[in-house]
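Some notes on the structure that comes next.
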Amino acid sequence: MASFGWKRKIGEKVSKVTSQQFEAQAADEQSLDGDEIDWLPEAKKKKGLLLEDCLAKSKKLKEEGAVLAENERYREALHKWDEALQLTPEDATLYEMKSQVLMSLHEMFPAVHAAEMAVQRDLRSWEAWQTLGRAQLGLGEITLMEISTAPWDFHSMS
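Note that the working numbering has the sequence shown beginning at 10, numbered continuously upward.
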């Protein structure tokens, strides 16, 4: 049986000009001091760009999910919104929309959880409170639904 192995002879096919250029370039790189280069402004620019990219991508995923939900492709919409939540976890409207779709799929426990997350993220959002109340009502929790709608006290309005 024959054995196979790589054999390489260093420097055999490398021209002297190429090796001299490489050595000169390496010497130039070594002569640069790390203290002379200010990396902080570049790092801040890159971080700002990444943040803008995350917000833009999240907005795009949110819109795609909304279109999918309108076309009753709920599972795909949930997938898009979960991706968007990975990028912007503090977006209350994503949780609120997710809760509505979960209610359409008759998954009430996850719908209540998503609605609670939406309310935690934005206490002033009446849409989030309304969705939370609807989700709790879907569970059959009428008393919890009344507590969820208490900030607006609908009984005193009539």
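Even for Gly, the Cβ is constructed at its ideal location relative to N, Cα and C.
Item checked: Neighbourhood of L77 by C-beta, 8 Å cutoff - its chain only, sequence neighbours within 5 removed -> If you number the sequence shown from 1, residue 77 lands on position 68. For L77, where only same-chain residues beyond five positions count, the Cβ hits under 8 Å are Y83, E85, A86 and K89.
Check: Cα-Cα, which of F118, L146, C63 and Q34 is closest to Q95?
Finding: Here residue 95 is taken as the residue at index 86 of the sequence shown, counted from 1. Of the candidates F118, L146, C63 and Q34, the residue whose Cα lies closest to the Cα of Q95 is C63.
Item checked: Of the listed residues Q29, G147, A35 and Q30, nearest to L111 (C-alpha basis) -> For the purposes of this step, residue 111 is taken as the residue at position 102 of the sequence shown. When the alpha-carbon of L111 is set against those of Q29, G147, A35 and Q30, the nearest one is in G147.
Note to self: What would DSSP say about F163, mapped onto helix, strand or coil?
What the structure shows: On the sequence shown, position 154 is the one that residue 163 refers to. Because F163 carries a pLDDT of 47, less than 50, the predicted location of this residue cannot be relied on, and the following value inherits that uncertainty. In the displayed model, F163 falls within a helix according to three-state DSSP.
Notebook entry, point to check: For M166, which residues from the same chain have a beta carbon less than 8 Å from its beta carbon, with the 5 sequence-adjacent residues on both sides left out?
Noted result: Here residue 166 is taken as the residue at index 157 of the sequence shown, counted from 1. Here M166 scores only 44 on pLDDT, less than 50, and its place in the model should not be relied on; the value that follows carries that caveat. So the list is empty, once near-sequence residues are dropped.
Next item on the list: Please name the residue, chosen from E136, Q145 and A36, that lies closest to A101 on a Cα-to-Cα basis.
Entry: On the sequence shown, position 92 is the one that residue 101 refers to. The shortest Cα separation from A101 among E136, Q145 and A36 belongs to E136.
Notebook entry, point to check: So, are the CB atoms of E92 and L114 less than 8 Å apart?
Noted result: Taking the first residue of the sequence shown as 1, we reach residue 92 at position 83. Taking the first residue of the sequence shown as 1, we reach residue 114 at position 105. No, these two residues do not count as a Cβ contact at 8 Å.
Item checked: Minimum C-alpha distance to S67 - residue among E79, F31, Q34 and Y104 -> To locate residue 67, count along the sequence shown from 1; it is residue 58. For the residues E79, F31, Q34 and Y104, the minimum Cα distance to S67 belongs to Y104.
Notebook entry, point to check: With 16 as the cutoff for other CB atoms within 10 Å, does Q29 come out buried or exposed?
Noted result: As a first step, residue 29 must be located in the sequence shown, where it is residue number 20. Q29 is classed as exposed because its beta carbon has fewer than 16 other beta carbons within 10 Å across all chains shown.
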